[in-house]
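See below for the structure under consideration.
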Amino acid sequence: MEDFKSELEILRAKEIELKKVFYKSFSSEDEFELFVEQNKNLISELKSIKSKIKEIEWHLKSDDEKKTHLKYLKDLKNKFKDENL
157 MEDFKSELEI
167 LRAKEIELKK
177 VFYKSFSSED
187 EFELFVEQNK
197 NLISELKSIK
207 SKIKEIEWHL
217 KSDDEKKTHL
227 KYLKDLKNKF
237 KDENL
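Residue numbers (the numbering used here): 157 to 241.
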């Protein structure tokens, strides 16, 4: 359990570091597109880190928290399904 917590802290710090680079201000859409083109690896790494964080957070949740979260997602899915009818 401690291994997961320490890995989670490391990943969160890395996520924050990458977001600082990613969310810099851009003066134009072209500048943003150029940034994305030049930093595909950074964006991919950020996505990977976020995915790992979610996996670890899920692992650290208690069974009751997992059930509550899954029920929430199911209710949300049904709500959207009902709205689209």
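Don't be surprised by glycine CBs; every beta carbon is placed ideally from N, CA and C.
Whole-number beta carbon distance between E171 and I205, since they are thought to touch under 8 Å: That belief holds up - the Cβ atoms of I205 and E171 are roughly 5 Å apart, short of 8 Å.
Those runs of the alpha helix (DSSP H) which lie wholly inside the segment 162-237 and span at least 4 residues: Fully enclosed alpha helix (DSSP H) runs of 4 or longer: 185-194, 196-216.
Sub-8 Å separation of H263 and F160 beta-carbons: What the structure shows of the chain is the stretch from 157 to 241, and residue 263 is not part of that stretch, so it cannot be assessed.
Beta-carbon separation (whole angstroms), L167 vs I209, contact threshold 8 Å: Contact between L167 and I209 is confirmed by a C-beta separation of about 5 Å, below the 8 Å threshold.
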